[in-house]
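Visitor:
Residue numbers (full-length UniProt numbering): 1 to 508.
Below, the structure is given as structure tokens:
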């Protein structure tokens, strides 16, 4: 049996994370090593295990990081070190992706190879721009052509073979040569008013396009400042672009937000500690068409804590959770640190801030007795004041640095015991010049907690966009204390409230 690992060539698709195939996703989750090109969506890298070796071999701005023959050798060398190597390539590995060269090189050296097809940008980018690659009465077929050859020169294209008006012609990697292509087609006999379009960063929420005709398309591209990667399409189907551009008609398309996020602590009874899930607010905004730039503001880590109080419960005492992180960190302590289970919690009642925290508690088999409708500590405290028996105690599972609203609002008739079971650990922030420029060009910053706002202002204060959107009063108070204004505040302190606030302020 060969001691060599397996190499899987995975097509990442055109850029939108949801267009990665299920099979490709499964391989990414198992990868020991990932070798990847320039990706339109860096979120793909978050799908791999935390200990996966990541090797970048892509190119940007015509600068090849690693020559192809070295990439081939790199894949072979890593197959000798790792059980599963994933070669992640934009689009499809075999559509001008040089995947065939890599597969043949590895096969000749007895490496097991598998190819997972990806959705080609030649089809997907057109679709997101409202251009069907074929359409009855307009196009009976299509042809995909590379416009790029070695040393960034235009490839040798025989334009006399591209004169069928019933065929859609798609040129990949040709943005720098759009004028040459248009002139070549006209010289070969295509009419100057033949519909043409160029789509930049197709299927992403920062997609841009220009639609015109062969005689004008070069100037339009220059005026629009389109950047690579881009696709050129020529044919009658371009005329459908406005009618079918559903992707671009989403309510937040064209808007761009800066969102500091915290890596949550993920834990379950059966699965133990797990990989971080995607940020729900980011995913929701993306689904509405927004482009979201994130910064990791911190990471939630559980703290080993003393749970001796569990055996001292009095009838009517409450365990209080003011975040899902508190729930997961408590049960991590209960199961992994102390070695008990839910049977030890008999006699306690449970209170949670908001449905999200209550749903997390349900994952551990416990239904909350009290749930605040408004997602803040003050509202939960007021509800507990109404229902708690005189002298009953509160055991508050919280982080090391948390808002005092809950503690200050609870009736003095009840004793609060704070159990610090998790902390927000600082992480190194990205200060790359291009990244700072991306932040500066956003329409607004979105802060979902005071700690997120504090992190962003400390590290990116001079680069933050003018508008700041806050999740609620406690967060807004922190932002103002740090010298920044709040442009809009959610009526309900939740992700739903943030989304509604953004819709009211920024929906097209």
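Even glycine gets a Cβ: it sits at the ideal position worked out from N, Cα and C.
1. Is residue 172 helix, strand or coil when you go by DSSP?
2. What's the gap between the Cα of residue 9 and the Cα of residue 119?
3. Should the stretch 281 to 298 be called in touch with the stretch 317 to 331, which here means at least 3 C-beta pairs below 8 Å?
4. What does residue 253 pair with, by DSSP beta-bridge criteria?
5. Go ahead and pull the three-state DSSP assignment for residue 143.
6. Span of the beta strand (DSSP E) holding residue 33?
7. Please work out which residues of its chain come closer than 8 Å, Cβ to Cβ, to residue 499, disregarding the five sequence neighbours upstream and downstream, and give them in chain order.
8. From 315, 268 and 116, pick the residue whose C-alpha is nearest to that of residue 7; which is it?
9. Is residue 358 near the ligand MG - that is, is its Cβ less than 6 Å away from at least one heavy atom of it?
10. Following the continuous alpha helix (DSSP H) through residue 84, name the residue where it begins and the one where it ends.
11. From residue 184 to residue 159, what distance separates their C-alpha atoms?
12. For residue 84 and residue 31, which I take to be in contact (beta-carbon distance under 8 Å), what is that distance rounded to the nearest angstrom?
13. On a CA-only basis, which of 294, 188, 387 and 310 is nearest residue 46? Give me that one, please.
14. Could you tell me the boundaries of the alpha helix (DSSP H) in which residue 346 lies?
15. Determine the direct distance from the alpha carbon of residue 382 to that of residue 18, and round the result to whole angstroms.
16. Measure the alpha-carbon distance for residue 176 versus residue 405 and round it to whole angstroms.
17. Kindly indicate which three-state DSSP category residue 247 falls into: helix, strand or coil?
18. Rounded to the nearest angstrom, what separates residue 156 and residue 91 at their Cα positions?
19. Inspect the CB distances between the stretch 427 to 447 and the stretch 256 to 266 and report whether three or more fall short of 8 Å.
20. Using only CA atoms, which one of 386, 364 and 40 lies nearest to residue 370?
21. Taking the beta strand (DSSP E) that residue 395 falls in, what are its first and last residues?
22. Just curious, the beta strand (DSSP E) that residue 212 is in, first and last residue?
23. Just reading off the alpha helix (DSSP H) that residue 478 is part of, what are its end residues?
24. In whole angstroms, give me the CA-to-CA distance for residue 491 and residue 485.
25. Quick check on the burial criterion: 16 or more other C-beta atoms within 10 angstroms. Buried or exposed for residue 161?
26. Could you please give me the residues that DSSP links to residue 445 through a beta bridge?
27. Can you tell me which of 81, 40 and 13 puts its alpha carbon nearest to the alpha carbon of residue 3?
28. For residue 117, name the three-state secondary structure that DSSP assigns.
29. Would the stretch 213 to 222 count as touching the stretch 181 to 200 if we require 3 or more Cβ pairs under 8 Å?
30. With DSSP as the reference, identify every bridge partner of residue 11, one or two as the case may be.
31. Residues in its own chain within less than 7 Å of residue 299 by CB, not counting five upstream and five downstream?
32. With residue 181 and residue 141 assumed to form a contact (beta carbons below 8 Å), what rounded beta-carbon distance in angstroms separates them?
33. My output table needs one value for residue 302: the three-state DSSP class, helix, strand or coil.
34. Determine the direct distance from the alpha carbon of residue 29 to that of residue 112, and round the result to whole angstroms.
35. Going along the chain, which unbroken runs of the alpha helix (DSSP H) with 4 or more residues stay wholly within the stretch 393 to 438?
36. Pair every Cβ in the stretch 440 to 450 with every Cβ in the stretch 467 to 486, then say whether three or more of these pairs are closer than 8 Å.
Guide: From the atom records:
1. The count along the chain shown starts at 1 and reaches residue 172 at position 172. Residue 172: strand per DSSP, three-state reduction.
2. To locate residue 9, count along the chain shown from 1; it is residue 9. To locate residue 119, count along the chain shown from 1; it is residue 119. Using only the alpha carbons, I get a separation of about 13 Å.
3. no
4. Within the chain shown, the letter at position 253 stands for residue 253. In DSSP, residue 253 forms no bridge with anything.
5. As a first step, residue 143 must be located in the chain shown, where it is residue number 143. Looking at residue 143 - three-state DSSP - the assignment turns out to be strand.
6. Working through the chain shown from its first residue, we reach residue 33 at position 33. Looking at the DSSP string, the run of the beta strand (DSSP E) that includes residue 33 is 33 to 36.
7. Counting from 1 along the chain shown, the entry for residue 499 is found at position 499. For residue 499, where only same-chain residues beyond five positions count, the Cβ hits under 8 Å are 281, 284, 285 and 288.
8. Along the chain shown, one-based indexing puts residue 7 at 7. Nearest C-alpha to residue 7: 116.
9. This structure does not include the ligand MG; it has no bound ligands of any sort.
10. Position 84 of the chain shown holds residue 84. No alpha helix (DSSP H) holds residue 84; the beta strand (DSSP E) holding it covers 84 to 89.
11. The count along the chain shown starts at 1 and reaches residue 184 at position 184. The count along the chain shown starts at 1 and reaches residue 159 at position 159. If you take the alpha carbons of residue 184 and residue 159, they lie about 6 Å apart.
12. Position 84 of the chain shown, counting from 1, holds the residue named residue 84. Position 31 of the chain shown, counting from 1, holds the residue named residue 31. Confirmed, about 6 Å.
13. By one-based count along the chain shown, residue 46 stands at place 46. Of 294, 188, 387 and 310, the residue nearest in Cα terms is 294.
14. The residue given as residue 346 occupies position 346 in the chain shown. It is not in any alpha helix (DSSP H) - residue 346 carries neither H nor E in the DSSP assignment.
15. Numbered from 1 along the chain shown, position 18 holds the residue referred to as residue 18. Numbered from 1 along the chain shown, position 382 holds the residue referred to as residue 382. When rounded, the distance between both Cα atoms is 42 Å.
16. In the chain shown, residue 176 corresponds to position 176, counting from 1. In the chain shown, residue 405 corresponds to position 405, counting from 1. Going from the Cα of residue 176 to the Cα of residue 405 covers about 58 Å.
17. One-based indexing of the chain shown puts residue 247 at position 247. Residue state, collapsed to three classes: helix.
18. Taking the chain shown and counting its residues from 1, one reaches residue 156 at position 156. Taking the chain shown and counting its residues from 1, one reaches residue 91 at position 91. The straight-line gap from Cα to Cα measures roughly 23 Å.
19. yes
20. Taking the chain shown and counting its residues from 1, one reaches residue 370 at position 370. Cα-wise, what sits closest to residue 370 is 386.
21. As a working note, residue 395 is residue 395 in the chain shown. Where residue 395 is concerned, the enclosing beta strand (DSSP E) stretches over 394 to 399.
22. If you number the chain shown from 1, residue 212 lands on position 212. Start and end: 208 to 213.
23. What you label residue 478 is simply residue 478 of the chain shown in a count that begins at 1. Its alpha helix (DSSP H) spans residues 473 to 481.
24. Position 491 of the chain shown holds residue 491. Position 485 of the chain shown holds residue 485. Their Cα atoms are separated by approximately 17 Å.
25. As a first step, residue 161 must be located in the chain shown, where it is residue number 161. So residue 161 ends up on the exposed side.
26. For the purposes of this step, residue 445 is taken as residue 445 along the chain shown, with counting starting at 1. Looking at the DSSP assignment, residue 445 forms a beta bridge with 258 and 468.
27. The residue given as residue 3 occupies position 3 in the chain shown. Closest by alpha carbon: 81.
28. Residue numbering aside, residue 117 sits at position 117 when the chain shown is read from its first letter. Coil, per DSSP.
29. yes
30. Start at 1 with the first residue of the chain shown, and residue 11 comes out as number 11. Answer is 89, bridged to residue 11.
31. Reading the chain shown from its first residue, position 299 is the one you call residue 299. Within the same chain, residue 299 has close Cβ partners 262, 263, 425 and 427.
32. Walking along the chain shown from the start, residue 181 turns up at place 181. Walking along the chain shown from the start, residue 141 turns up at place 141. No, residue 181 and residue 141 are not in contact; Cβ-Cβ is about 19 Å, not under 8 Å.
33. By one-based count along the chain shown, residue 302 stands at place 302. DSSP places residue 302 in strand when its eight states are reduced to three.
34. Against the chain shown, residue 112 aligns to sequence position 112. Against the chain shown, residue 29 aligns to sequence position 29. Taking the straight line from one Cα to the other gives about 19 Å.
35. 405 to 409
36. yes
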